[in-house]
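Chemist:
Number of protein chains: 2
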Amino acid sequence: MRDAYHEELDSIGDSLVEMGRLVGSAIGRATTAILDADLKLAEEVIEGDQKVDELQHDLEARAITLLARQQPVATDLRIVVTSLRMSADLERSGDLAQHVAKLARLRYPARAVPRDLHATILEMGQLAQRLMAKAAEVIITKDVELALQLEQDDDEMDLLHRALFQHLMDDRWKHGIETAVDVTLLGRYYERYADHAVAVAKRVVYLVTGEHADELQADVPTVSRGEAPEATEGAEGG
Amino acid sequence: MRDAYHEELDSIGDSLVEMGRLVGSAIGRATTAILDADLKLAEEVIEGDQKVDELQHDLEARAITLLARQQPVATDLRIVVTSLRMSADLERSGDLAQHVAKLARLRYPARAVPRDLHATILEMGQLAQRLMAKAAEVIITKDVELALQLEQDDDEMDLLHRALFQHLMDDRWKHGIETAVDVTLLGRYYERYADHAVAVAKRVVYLVTGEHADELQADVPTVSRGEAPEATEGAEGG
């Protein structure tokens with residue numbers, strides 16, 4: 001039997017997993033909405049983000065009540081503080097999925113993504129969704145190995161992002177400036193979404209091992225970075 | 001005389017103000033670096049961000065120690081939790097200033113911003129710096145009126161951002177795709193930076209009044225939004 005205190009801690013974990021499930025589904029549906037110019041689906045994603053925001057507010061309130069009433073120390077304190085940060089990452093991921101959907105709505109009935117970039121955007125969307133599914137699994141299982149995998153997967157996102165920019169910068173680009181602007185922002189949304197999923201997994205690693213994920217895999221070779229016009233970055237600090 | 005506990009709370013506030021000062025200076029210098037193609041200044045901003053990250057890590061460690069040892073409740077607990085969030089906003093603002101500087105470095109010796117957009121980017125940079133200066137002042141003074149002003153100032157940023165997009169979408173745009181991509185990202189960096197400054201001020205309002213800033217000024221008319229290709233958004237949740 002668990003006491004009320006640990007039940008409350010567990011329920012905060014459950015809320016994080018539920019947020020992960022919702023924002024994972026949101027990025028998948030937003031990607032479909034933008035590729036198919038599906039206005040109804042876009043609207044659903046846009047409205048659905050409210051549920052994520054509510055979950056976050058509720059989680060925060062419960063975490064603060066827990067801190068005040070139970071005054072946890074050591075590991076339990078870290079779990080609560082880290083949960084607050086993870087909920088911020090998940091909430092922000094939901095916003096980014098919503099941005100993709102809003103772009104679909106803004107350009108409707110036109111399609112924001114030209115045909116020759118469909119495959120790349122689809123891959124980015126699917127990878128983002130997989131990353132979030134893994135992050136949610138890491139929250140449940142506390143599996144450090146799986147958490148470290150997310151950083152490798154994120155390198156894939158960087159490669160896709162770089163491919164997107166190469167396509168944009170290609171002299172044969174024929175889709176005009178508006179589409180270039182849209183694709184630039186889309187690329188950034190997916191990249192930031194992935195960063196937040198990775199950040200969630202990293203925070204679990206830190207909870208479990210007391211070490212930052214970067215230190216644990218210092219000897220894993222990373223993909224060298226291209227000259228995309230934006231910095232590769234983590235979501236540390238939101 | 002203040003006791004050790006409240007001295008520690010104060011010193012967390014001091015660190016936030018110092019972070020605000022550093023990231024305010026960083027966005028100003030990054031803007032100069034990108035407008036003047038000043039590589040040395042860009043490098044300084046890029047390296048300087050480490051100091052901001054260190055301040056944040058240090059602040060977090062002290063906040064968690066304070067929670068564990070002093071187990072604050074009610075207002076004091078909220079101050080500590082809110083400080084953690086503000087430090088995340090400030091750290092992220094530093095990253096965004098760094099992104100501007102990295103773009104300056106990437107394009108050096110060329111200039112990333114064409115002449116006809118210098119004035120707009122300069123205004124965005126100056127406004128971002130002013131917003132952060134005000135946010136730091138709000139942390140010090142807890143001045144709710146001033147905090148609410150920041151949201152009005154942020155409407156100015158939205159107008160500048162919209163002007164930037166109108167320029168990009170203009171048929172007479174003659175600077176090519178690479179510059180369009182750079183300007184799109186720059187616009188987003190400044191807008192997000194401003195969002196984080198506003199978020200810091202809003203969190204102070206919430207601490208002081210117990211009400212969310214949006215509720216306090218529900219009857220203040222807001223500038224109507226244009227059809228920029230990205231959502232206007234707050235930095236809530238990072």
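Taken in order, these protein sequences are the chains called A and B. Numbered by full-length UniProt numbering, the letters in the first sequence go through residues 1 to 238 in order. Numbered by full-length UniProt numbering, the letters in the second sequence go through residues 1 to 238 in order. Beta carbons: idealized from backbone N, C-alpha and C, even for Gly. All of these numbers come straight from a predicted model, not from anything done at the bench.
Quick check on DSSP: helix, strand or coil for ARG62 of chain A?
Modeler: Position 62 of the first sequence, counted from the start, is the residue given in the question as residue 62 of chain A. Three-state DSSP puts ARG62 of chain A in a helix.
Chemist: Please state whether the Cβ-Cβ distance between HIS161 of chain B and SER93 of chain B is less than 8 Å.
Modeler: Taking the first residue of the second sequence as position 1, residue 161 of chain B is located at position 161. Taking the first residue of the second sequence as position 1, residue 93 of chain B is located at position 93. Not in contact: HIS161 of chain B and SER93 of chain B (Cβ atoms no closer than 8 Å).
Chemist: Hey, out of B:ASP10, B:VAL183, B:GLU18 and B:LYS40, whose CA is closest to PRO109 of chain B's CA?
Modeler: For the purposes of this step, residue 109 of chain B is taken as the residue at position 109 of the second sequence. Ranking B:ASP10, B:VAL183, B:GLU18 and B:LYS40 by Cα distance to PRO109 of chain B puts B:LYS40 first.
Chemist: Here's a check: name, in chain order, each residue in its chain whose Cβ is nearer than 7 Å to the Cβ of PRO114 of chain A, leaving out the five neighbours to either side.
Modeler: The residue given as residue 114 of chain A occupies position 114 in the first sequence. Around PRO114 of chain A: HIS175 and THR179.
Chemist: In chain order, what residues of the same chain have a beta carbon less than 6 Å from the beta carbon of MET147 of chain A, not counting five sequence neighbours either side?
Modeler: Locating residue 147 of chain A in the first sequence gives position 147, counting from the first residue. As written in the sequence, residue 147 of chain A is Ala, which differs from the Met given in the question. Closer than 6 Å at Cβ, skipping near neighbours: VAL138, ALA201, VAL204 and VAL205.
Chemist: Looking only at its chain, what residues have a beta carbon closer than 6 Å to the beta carbon of ASP95 of chain B, apart from the 5 residues adjacent to it on each side?
Modeler: As a first step, residue 95 of chain B must be located in the second sequence, where it is residue number 95. Same-chain partners within the cutoff: there are none.
Chemist: Cβ of LEU55 of chain B within 8 Å of Cβ of GLU18 of chain B?
Modeler: Translated into positions along the second sequence, residue 55 of chain B becomes position 55. Translated into positions along the second sequence, residue 18 of chain B becomes position 18. Cβ atoms of LEU55 of chain B and GLU18 of chain B: closer than 8 Å.
Chemist: Do GLU211 of chain B and the ligand SAH come close, with the Cβ less than 7 Å from some heavy atom?
Modeler: Questions concerning the ligand SAH fall outside what the structure shown contains, since it holds no ligand whatsoever.
Chemist: Sort A:HIS6, A:ASP14 and A:TYR5 by Cα distance to ILE140 of chain A and report the nearest one.
Modeler: Stepping through the first sequence from its first residue, residue 140 of chain A is reached at position 140. When only C-alpha atoms are compared, the closest one is A:ASP14.
Chemist: Strictly below 7 Å CB to CB, what residues from chain B border ALA180 of chain A?
Modeler: Start at 1 with the first residue of the first sequence, and residue 180 of chain A comes out as number 180. Within 7 Å Cβ-Cβ: ILE177, ALA180 and VAL181.
Chemist: Going along chain B in order, which residues have a C-beta closer than 9 Å to the C-beta of GLN50 of chain A?
Modeler: Taking the first residue of the first sequence as 1, we reach residue 50 of chain A at position 50. Under the 9 Å cutoff, chain B gives no residues; its nearest Cβ is about 13 Å from GLN50 of chain A.
Chemist: Grab me the residues of ALA213 of chain B's own chain with a C-beta within less than 6 Å of its C-beta, minus the 5 sequence neighbours each way, in chain order.
Modeler: Taking the first residue of the second sequence as 1, we reach residue 213 of chain B at position 213. Taken in chain order, the residues that qualify are LYS202 and VAL205.
Chemist: Given this structure, state the Cα-to-Cα distance separating residue 241 of chain A from LEU159 of chain A, to the nearest angstrom.
Modeler: One cannot answer for residue 241 of chain A here, as it falls past the ends of chain A, which runs 1 to 238.
Chemist: For LYS51 of chain A, does the three-state DSSP call read helix, strand or coil?
Modeler: Along the first sequence, read from residue 1 onward, the residue named residue 51 of chain A stands at position 51. Three-state DSSP puts LYS51 of chain A in a helix.
Chemist: May I ask you to report which of helix, strand or coil DSSP gives GLU211 of chain A?
Modeler: Stepping through the first sequence from its first residue, residue 211 of chain A is reached at position 211. Coil, per DSSP.
Chemist: Flag ARG188 of chain A as yes if its beta-carbon sits less than 8 Å from any beta-carbon of chain B, otherwise no.
Modeler: The residue you call residue 188 of chain A lines up with position 188 of the first sequence. Taking Cβ atoms only, chain B reaches closer than 8 Å to ARG188 of chain A, which makes this a yes.
Chemist: Which full runs of the alpha helix (DSSP H) of 4+ residues lie inside the stretch 103-143 of chain B, going along the chain?
Modeler: Entirely contained in the stretch 103-143 of chain B, the alpha helix (DSSP H) runs reaching 4 residues are, in chain order, 118-141.
Chemist: If we ignore side chains and look at the alpha-carbon of each, how far apart do THR65 of chain A and ALA4 of chain A end up?
Modeler: For the purposes of this step, residue 65 of chain A is taken as residue 65 along the first sequence, with counting starting at 1. For the purposes of this step, residue 4 of chain A is taken as residue 4 along the first sequence, with counting starting at 1. Rounded to whole angstroms, THR65 of chain A to ALA4 of chain A spans 13 Å at the Cα level.
Chemist: Rounded to a whole number of angstroms, what is the C-alpha to C-alpha distance between LYS134 of chain B and ASP143 of chain A?
Modeler: As a working mapping, residue 134 of chain B is identified with position 134 in the second sequence. As a working mapping, residue 143 of chain A is identified with position 143 in the first sequence. Straight-line Cα distance between these residues: approximately 43 Å.
Chemist: Going straight from the alpha carbon of residue 280 of chain B to that of GLU145 of chain A, what length do you get?
Modeler: The question about residue 280 of chain B has no answer, for chain B in this structure spans 1 to 238.
Chemist: For ILE79 of chain B, tell me which candidate among B:ARG105, B:ALA101 and B:ASP10 has the shortest Cα-Cα distance.
Modeler: Translated into the one-based positions of the second sequence, residue 79 of chain B becomes position 79. Closest option to ILE79 of chain B, Cα to Cα, is B:ASP10.
Chemist: Quick one: residues in its chain with C-beta nearer than 8 Å to the C-beta of ILE46 of chain B, no 5 flanking neighbours on either side, listed in chain order?
Modeler: Here residue 46 of chain B refers to the residue found at position 46 of the second sequence. Hits under 8 Å: GLN98, ALA101, LYS102 and ARG105.
Chemist: Looking only at its own chain, which residues have a Cβ that is under 8 Å from the Cβ of MET157 of chain A, when we skip the five neighbours before and after it?
Modeler: On the first sequence, position 157 is the one that residue 157 of chain A refers to. Here the set comprises MET124, LEU127, ALA128, LEU131, TYR190, GLU191 and ALA194.
Chemist: May I ask which residues mark the beginning and end of the alpha helix (DSSP H) holding VAL73 of chain A?
Modeler: Within the first sequence, numbered from 1, the residue matching residue 73 of chain A stands at position 73. Per DSSP, VAL73 of chain A belongs to no alpha helix (DSSP H) and is neither H nor E.
Chemist: Rounded C-beta distance between LEU185 of chain B and ILE121 of chain B? I'm assuming under 8 Å.
Modeler: On the second sequence, position 185 is the one that residue 185 of chain B refers to. On the second sequence, position 121 is the one that residue 121 of chain B refers to. Wrong, their Cβ atoms sit about 12 Å apart, outside the cutoff.
Chemist: Counting only Cβ pairs nearer than 7 Å, list the residues of chain A close to GLN71 of chain B.
Modeler: Here residue 71 of chain B corresponds to residue number 71 of the second sequence, with the count starting at 1. Going along chain A in sequence order, the residues near GLN71 of chain B (Cβ under 7 Å) are GLN71.
Chemist: Listed in chain order, which residues of the stretch 22-51 of chain B have Cβ atoms closer than 8 Å to some Cβ of chain A?
Modeler: The stretch 22-51 of chain B vs chain A, Cβ under 8 Å: nothing.
Chemist: Under 8 Å between C-beta atoms, does LEU168 of chain B make it to chain A?
Modeler: By 1-based counting over the second sequence, the position of residue 168 of chain B is 168. Yes, contact with chain A.
Chemist: Since GLU91 of chain B and ASP53 of chain B are thought to touch, with beta carbons under 8 Å apart, how far apart are those beta carbons, to the nearest angstrom?
Modeler: Here the question's residue 91 of chain B lines up with position 91 in the second sequence. Here the question's residue 53 of chain B lines up with position 53 in the second sequence. Going by Cβ atoms, the distance from GLU91 of chain B to ASP53 of chain B rounds to 6 Å, so yes, they are a contact pair.
Chemist: With a cut-off of 8 Å, does the C-beta of LEU67 of chain B fall near any C-beta of chain A?
Modeler: Here residue 67 of chain B refers to the residue found at position 67 when the second sequence is read from its first residue. Closer than 8 Å to some Cβ of chain A, the Cβ of LEU67 of chain B qualifies, so yes.
Chemist: Does the beta carbon of ILE79 of chain A come closer than 8 Å to any beta carbon on chain B?
Modeler: By 1-based counting over the first sequence, the position of residue 79 of chain A is 79. Answer no: the Cβ-Cβ gap between ILE79 of chain A and chain B never drops below 8 Å.
Chemist: Just how far apart, CA to CA, sit LEU16 of chain B and LEU164 of chain B?
Modeler: Numbered from its first residue, the second sequence carries residue 16 of chain B at position 16. Numbered from its first residue, the second sequence carries residue 164 of chain B at position 164. For LEU16 of chain B and LEU164 of chain B, the distance between alpha carbons rounds to 31 Å.
Chemist: Nearest-angstrom Cα distance between GLU60 of chain B and THR75 of chain B?
Modeler: As a working mapping, residue 60 of chain B is identified with position 60 in the second sequence. As a working mapping, residue 75 of chain B is identified with position 75 in the second sequence. Their backbone Cα atoms lie some 18 Å apart in a straight line.
Chemist: Does any CB atom of chain A fall closer than 8 Å to the CB of THR184 of chain B?
Modeler: Position 184 of the second sequence, counted from the first residue, corresponds to residue 184 of chain B. True, the Cβ-Cβ gap to chain A drops below 8 Å.
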